[in-house]
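A short worksheet on the structure shown next.
2 protein chains.
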Amino acid sequence: MKVMVGGTFDPLHDGHKSLLGRSFEIAGSSGQVVIGLTTDSFASGKTHPIRPFASRKSELEEFIREKKFATPWIIEPLNDRFGSAIDADFDAIVVSEETLPVAVEINRHRREKGRRKVDIHQISCVLAEDGRWISSTRIYRGEIDVHGHVLR
Amino acid sequence: MKVMVGGTFDPLHDGHKSLLGRSFEIAGSSGQVVIGLTTDSFASGKTHPIRPFASRKSELEEFIREKKFATPWIIEPLNDRFGSAIDADFDAIVVSEETLPVAVEINRHRREKGRRKVDIHQISCVLAEDGRWISSTRIYRGEIDVHGHVLR
Numbered sequence: 000m001k002v003m004v005g006g007t008f009d010p011l012h013d014g015h016k017s018l019l020g021r022s023f024e025i026a027g028s029s030g031q032v033v034i035g036l037t038t039d040s041f042a043s044g045k046t047h048p049i050r051p052f053a054s055r056k057s058e059l060e061e062f063i064r065e066k067k068f069a070t071p072w073i074i075e076p077l078n079d080r081f082g083s084a085i086d087a088d089f090d091a092i093v094v095s096e097e098t099l100p101v102a103v104e105i106n107r108h109r110r111e112k113g114r115r116k117v118d119i120h121q122i123s124c125v126l127a128e129d130g131r132w133i134s135s136t137r138i139y140r141g142e143i144d145v146h147g148h149v150l151r
Numbered sequence: 000m001k002v003m004v005g006g007t008f009d010p011l012h013d014g015h016k017s018l019l020g021r022s023f024e025i026a027g028s029s030g031q032v033v034i035g036l037t038t039d040s041f042a043s044g045k046t047h048p049i050r051p052f053a054s055r056k057s058e059l060e061e062f063i064r065e066k067k068f069a070t071p072w073i074i075e076p077l078n079d080r081f082g083s084a085i086d087a088d089f090d091a092i093v094v095s096e097e098t099l100p101v102a103v104e105i106n107r108h109r110r111e112k113g114r115r116k117v118d119i120h121q122i123s124c125v126l127a128e129d130g131r132w133i134s135s136t137r138i139y140r141g142e143i144d145v146h147g148h149v150l151r
């Protein structure tokens, strides 16, 4: 099936890798994965500095190539929370527990526009060593590394 | 991946077929689908009469065989809302918009027991001709048929 997933992916941590891995798994080899990557101007709303779009895109591409996923994929710039997800023809959106509300909102907008709702696949978040979620904010603060190891 | 899905499936309508089809698609050919089928005593809480477990199971098996899904599958009796989903080792639970709260509850119980949460895949409900959900209750009332055609 055709799957959409989105994020800022900075840095690309084990939670992101699980989100992306699951997206490819669900799409299957005959499907497609569309990855929305936040633009610098949209991502600038975050509470910590973000690397430029091009760097984040390269890291993402490198991970996908290394994994040798069989499913075709593309990276699209995300200028807002929804990107093309309200108007595009696709089957499922993959989200974390944190971003589930965005998917619910996308379906509400799709229904208002007379489009069919899409499936929502919520992955279970990857936990750091301390039992809390891995997140970019925690990595930026120096609490954990990209694999969820506690640093202090 | 290993996927769990559950229901009463009486009668097996297009909404159920979409739920099951998606479960097999997500599981992939190297995965497994565990279908929880409500027992007669558990299903007796419904507002309308339910056919016996054996009849519902045959209809389910016939549908799966006709579809020639590549994924191994089993049918388990469901004696309560959770069945084996709180203790089993699996990856994702597939639910409709109606049964989403059960999946959220399952994850809460899993976490309490120190087990990892599972992914929750919520399919978009299949709509009847009149734009409302296909449901067994509506079919039983004679409002629509199993394909969602309006009968009166």
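Residue numbers (this note's numbering), protein chains in the order written: chain A, 0 to 151; chain B, 0 to 151.
Idealized CB from N, CA, C, for every residue including glycine.
Quickly, what does DSSP pair residue i with across the bridge? List them, please.
| i | result |
| --- | --- |
| A:T37 | A:L77 |
| A:G6 | A:L36 |
| B:V94 | B:Q121 |
| B:V149 | B:I143 |
Would residue i pass as a contact of residue j if the rule is Cβ separation under 7 angstroms?
| i | j | result |
| --- | --- | --- |
| B:D79 | B:R50 | no |
| B:D118 | B:A91 | yes |
| A:I74 | A:K56 | yes |
| B:L77 | B:G35 | yes |
| B:T7 | B:T38 | no |
| A:V145 | A:H12 | yes |
| B:S17 | B:V4 | no |
| A:A127 | A:I143 | yes |
| B:K116 | A:S123 | yes |
| A:K67 | A:Q31 | no |
| A:S43 | A:T70 | no |
| B:Q121 | B:V103 | no |
| B:I25 | A:I25 | yes |
| B:G20 | B:V125 | no |
Determine the DSSP secondary structure at residue i, reduced to helix, strand or coil.
| i | result |
| --- | --- |
| A:D118 | strand |
| B:A53 | helix |
| A:K66 | helix |
| B:L126 | strand |
| B:K1 | strand |
Give the residues from the segment 107 to 118 of chain B that approach chain A closer than 7 angstroms (Cβ to any Cβ), ordered along the chain. Of all residues in the segment 107 to 118 of chain B, those with a C-beta nearer than 7 angstroms to a C-beta of chain A are R115, K116, V117 and D118, reading in chain order.
If the cut-off is 8 angstroms on Cβ atoms, which residues from the segment 15 to 49 of chain A count as contacting chain B, listed in chain order? Along the segment 15 to 49 of chain A, going in chain order, the ones with a CB nearer than 8 angstroms to a CB of chain B are R21, E24, I25 and G27.
Note down, in chain order, all residues in the segment 115 to 139 of chain B with a beta-carbon under 7 angstroms from any beta-carbon belonging to chain A. Contacts with chain A (Cβ-Cβ distance below 7 angstroms) from the segment 115 to 139 of chain B involve R115, K116, V117, D118, I119, H120, Q121, I122 and S123, listed in chain order.
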